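Count along the sequence shown from 1, add 577, and you get the number used in the working numbering. The beta carbon of each residue, even a glycine, is placed where N, CA and C say it ideally should be. Keep in mind that this is a model prediction, so the values were computed, not measured.
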Amino acid sequence: MTGPRVVLFDLDDTLFAHRAAVSTGIQRYASRLGEPYATMEAVDLTALWHDLEEEHYHSYLAGRLDFEGQRQARARDFAARHGVALSDAEASAWFADYFEHYVAAWSLHDDAIPCLDALEAAIPGVRFGLITNGDLAFQRRKVEAVGLDARMEHLIASGEVGVAKPDRRIFEHACAVFGVRAAEAAYVGDRLRTDAIGAARAGLTGVWLNRRGDVPTGEDAAEAAEFGVIELTTLAELPAALAR
Numbered sequence: 578m579t580g581p582r583v584v585l586f587d588l589d590d591t592l593f594a595h596r597a598a599v600s601t602g603i604q605r606y607a608s609r610l611g612e613p614y615a616t617m618e619a620v621d622l623t624a625l626w627h628d629l630e631e632e633h634y635h636s637y638l639a640g641r642l643d644f645e646g647q648r649q650a651r652a653r654d655f656a657a658r659h660g661v662a663l664s665d666a667e668a669s670a671w672f673a674d675y676f677e678h679y680v681a682a683w684s685l686h687d688d689a690i691p692c693l694d695a696l697e698a699a700i701p702g703v704r705f706g707l708i709t710n711g712d713l714a715f716q717r718r719k720v721e722a723v724g725l726d727a728r729m730e731h732l733i734a735s736g737e738v739g740v741a742k743p744d745r746r747i748f749e750h751a752c753a754v755f756g757v758r759a760a761e762a763a764y765v766g767d768r769l770r771t772d773a774i775g776a777a778r779a780g781l782t783g784v785w786l787n788r789r790g791d792v793p794t795g796e797d798a799a800e801a802a803e804f805g806v807i808e809l810t811t812l813a814e815l816p817a818a819l820a821r
């Protein structure tokens, strides 16, 4: 089998089971807090917390909030939805308490390690790395906690590089770190535009890991087709897909 010299991965919800840990963490924390938080149905509680993460974490990536500021904003808005007002200090403490429950639920997706093993068997000498939008120290903590640091040669984080996916410069930077041309690398991520299209625009093989069966917009679908983005539903499909 031929294939790329370097396979780069997104971290959250590609290899690392972030959404599952978030769901478990916020449900356990709300249960511990009791009323008024525990009065919301689990599915609605989780959906609200995920929506606030999307909103405020992207404000951090865009430079509108710092890392602690987006945590405070998430906690403050979640509490406000339950009729509770939090100061900045109270919001930081609230999030820190939630975070302990989130960390306790950290794990890899079941298909992560088998995929890495299969790629190593199929592509002799293949090298692995991560490109993640986030704070380097925080993302490294997750990588080390689940044992991925032993498999990943480099961790590229937007917080250190200064640009975030889908900006082509972060993909180009990663290729430079590995010393390979973009055409010699593949990038796998769970977000079509941010990950797969962004990577493909930079000249890498873009792979969209569509675990949840999301339907892309017409614009995204057309651009994915134009740039030859590969769509998968599980990492088990990756070795064969890269052989094509």
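Starting from the C-beta of residue i, find all residues in its chain whose C-beta is less than 6 angstroms away, skip the five residues before and the five after it, and write them out in chain order.
i      : result
Asp654 : Leu629
Ser684 : Ala594
Cys752 : Ala759, Ala762
Going by alpha carbons, who is nearest to residue i out of the options?
i      : options                        : result
Thr623 : Pro691, Ala798, Val599         : Val599
Ala760 : Gly780, Glu808, Leu725         : Gly780
Ser554 : His678, Ala607, Ala650         : Coverage of the chain is limited to positions 578 through 821, which leaves residue 554 absent and any answer about it impossible.
Gly640 : Ala741, Gly775, Ala820, Ile603 : Ala741
Thr782 : Leu769, Ile807, Gly795, Asp797 : Ile807
Glu667 : Met617, Glu645, Val680         : Glu645
Val680 : Leu713, Glu721, Asp665, Pro701 : Glu721
Excluding the 5 residues preceding and the 5 following residue i in the sequence, name in chain order all residues of the same chain whose CB lies nearer than 7 angstroms to its CB.
i      : result
Trp671 : Ala652, Ala656, Leu663
Tyr693 : Correcting the residue identity first, residue 693 is Leu in this sequence and not Tyr. Cβ within range, chain order: Phe705, Arg728.
Gln647 : His633, Tyr634, Ser636, Tyr637
Gly711 : Ala734, Ser735, Gly736
Asp767 : Asp587, Asp590, Thr591, Leu786, Arg788
Val723 : Phe593, Trp683, Ser684, Leu685
Val620 : none
Gly805 : Ala777
Compare the beta carbon distance of residue i and residue j with 8 angstroms and say whether it is the shorter of the two.
i      : j      : result
Ile690 : Ile708 : no
Leu812 : Leu725 : no
Ala615 : Ala607 : yes
His678 : Arg605 : yes
Val765 : Val784 : yes
Phe715 : His731 : no
Leu819 : Asp797 : no
Just to check, is the beta-carbon of residue i closer than 7 angstroms to a non-hydrogen atom of the ligand MN?
i      : result
Gly790 : Ligands in the displayed structure: none, and consequently the ligand MN is not present.
Grab the span of the alpha helix (DSSP H) containing residue i for me, first residue to last.
i      : result
Gly785 : Before going further, note that residue 785 is Trp rather than Gly in the sequence given. Unbroken run through Trp785 is the beta strand (DSSP E), 782-786; no alpha helix (DSSP H).
Phe755 : 745-755
Thr623 : 619-638
Gly711 : Premise fails: Gly711 is in no alpha helix (DSSP H) and is neither H nor E.
Val680 : 665-681
Gly739 : Note, Gly739: premise wrong, no alpha helix (DSSP H); not H, not E.
Phe655 : 644-658
Gly795 : 795-803
Leu725 : Run containing Leu725: none; DSSP gives neither H nor E here.
Pro701 : Per DSSP, Pro701 belongs to no alpha helix (DSSP H) and is neither H nor E.
Mind checking which residues open and close the beta strand (DSSP E) that includes residue i?
i      : result
Ile774 : Premise fails: Ile774 is in no beta strand (DSSP E) and is neither H nor E.
Val584 : 583-586
Tyr614 : That residue, Tyr614, is in no beta strand (DSSP E); it is neither H nor E in DSSP.
Ala734 : 731-734
Gly766 : 762-766
Leu809 : 807-809
What residues in its chain sit with their C-beta under 8 angstroms from that of residue i, if we drop five residues either side in the sequence?
i      : result
Val738 : Arg746, Ile747, His750
Val703 : Gly580, Pro581, Arg582, Val583, Val584, Leu696, Glu697
Gly790 : Thr810
Gly660 : Pro613
Asp688 : Thr811, Leu812, Ala813
Tyr675 : Gly602, Ile603, Tyr606, Ala652
I want to see whether chain C comes within less than 8 angstroms of residue i, judged by CB atoms only; does it?
i      : result
Arg821 : The displayed structure is made up of one protein chain only, and chain C is not part of it.
Tell me, to the nearest whole angstrom, how far the beta carbon of residue i is from that of residue j; I am working on the premise that it is less than 8 angstroms.
i      : j      : result
Ala801 : Ala762 : Not confirmed; about 18 angstroms, so no contact.
Pro743 : Thr771 : 5 angstroms
Arg877 : Leu625 : Because residue 877 is not part of the residues shown, which for the chain are 578 to 821, the question remains open.
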